[in-house]
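>
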Amino acid sequence: MANQSKNIPVKHIIGYVTSVVLTLVAAWAALGSNLPVMWIIISIFALAILQAVIQLFLFMHLTERGMGHAPWNMMFHGAVVFAILIAGSLFTMSFGFM
Numbered sequence: 008m009a010n011q012s013k014n015i016p017v018k019h020i021i022g023y024v025t026s027v028v029l030t031l032v033a034a035w036a037a038l039g040s041n042l043p044v045m046w047i048i049i050s051i052f053a054l055a056i057l058q059a060v061i062q063l064f065l066f067m068h069l070t071e072r073g074m075g076h077a078p079w080n081m082m083f084h085g086a087v088v089f090a091i092l093i094a095g096s097l098f099t100m101s102f103g104f105m
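First residue of the sequence shown? That's 8 in my numbering, and the numbers climb one at a time after it.
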């Protein structure tokens, strides 16, 4: 026990700091920039996709092998649930079922 070294999760710290920075850049683009609205929307979408990729690879352990292709299977089912949720929300908002 005396020779046990401290394990600092460097990947997690880098991922967390990068996510916070991307969030702050998106907030600045929305609130403080003088960019046209279309460029603000495009930049926020691009930052969101980049942050999702960072989250998947650094926090969700997408590259780890343990259960075969289980992470990709779970991602597929998550995408299906996401698509159903978005489609249902758009349907509800479009036809006034509120």
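Where a beta carbon is used, it is the ideal one built from N, C-alpha and C, also for glycine.
Just to confirm, are Ala59 and Ser50 a CB contact at a threshold of 7 Å?
In the sequence shown, residue 59 corresponds to position 52, counting from 1. In the sequence shown, residue 50 corresponds to position 43, counting from 1. Going by C-beta atoms, Ala59 is not nearer than 7 Å to Ser50.
> Tell whether a beta-carbon distance below 7 Å holds between Lys13 and Leu65.
Translated into positions along the sequence shown, residue 13 becomes position 6. Translated into positions along the sequence shown, residue 65 becomes position 58. Not in contact: Lys13 and Leu65 (Cβ atoms no closer than 7 Å).
> In whole angstroms, give me the CA-to-CA distance for Phe89 and Phe83.
The residue you call residue 89 lines up with position 82 of the sequence shown. The residue you call residue 83 lines up with position 76 of the sequence shown. When rounded, the distance between both Cα atoms is 10 Å.
> Beta-carbon within less than 8 Å of Ile47's beta-carbon, same chain only, minus the 5 sequence neighbours each way: which residues are those?
Mapped onto the sequence shown, residue 47 falls at position 40. The residues are Ala36, Ala37 and Ser40.
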